[in-house]
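Numbering (UniProt numbering), first residue to last: 1 to 138.
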């Protein structure tokens, strides 16, 4: 199991490169909780960890590289963006799932929990992200 190490990036943020394997969702959740605790946005931690887990699971299933990158940034004092970067250029598409389906609800869950979500194309792949808004600290 990889060790999660918070590394600052650009404006306030944390990121971790993880192997593209199901167990990486655990490390992604841990990274999200560390960042939100550092920023005193603990009220977002559980929902943010669930979103991170869903985004990582999606990348594990569909990406084309051996590694993914999880980012947690803070574009504003009470706004958090969780992203998962992979080398696939295929954009995720939410789909309808029936009660019998064992998977396929991840993006619908992300859309329901997040204030906003989307995909940014990158020269080598894409970033799928979701944003949460917390209470103003001050």
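We put the beta carbon where it would ideally sit given N, CA and C, even for glycine.
Simplified DSSP state of residue i, which is helix, strand or coil
i           : result
residue 130 : strand
residue 72  : strand
residue 109 : helix
residue 122 : strand
residue 85  : strand
residue 136 : coil
residue 17  : strand
residue 60  : helix
residue 93  : coil
residue 79  : strand
Residues near residue i by beta carbon distance below 7 Å, same chain, minus five either side
i           : result
residue 47  : 113 and 132
residue 115 : 131, 132 and 133
Spatially closest choice to residue i from the options, by CA coordinates
i           : options           : result
residue 84  : 58, 90, 23 and 75 : 58
residue 117 : 67, 81 and 42     : 81
residue 134 : 20, 86 and 44     : 44
residue 28  : 53, 20, 19 and 42 : 53
residue 92  : 79, 74 and 60     : 60
residue 23  : 55, 90 and 39     : 55
residue 67  : 19, 121 and 136   : 19
residue 123 : 115, 136 and 86   : 86
residue 70  : 77, 49 and 42     : 49
residue 26  : 40, 41, 51 and 42 : 51
residue 31  : 63, 73 and 115    : 73
residue 21  : 64, 40 and 39     : 64
Cutoff 6 Å; reference residue i; Cβ partners in own chain excluding five residues on either side
i           : result
residue 120 : 127
Same chain only: Cβ atoms within 8 Å of residue i, ignoring 5 sequence neighbours per side
i           : result
residue 136 : 77 and 78
residue 42  : 36
task = Could you say if the region 119 to 131 and the region 25 to 39 meet the contact criterion of at least three C-beta pairs nearer than 8 Å?
result = Taking 8 Å as the limit for Cβ pairs, the verdict is that the region 25 to 39 does not touch the region 119 to 131.
Contact the region 13 to 21 vs the region 104 to 116: 3+ CB pairs below 8 Å = Short answer: they don't touch.
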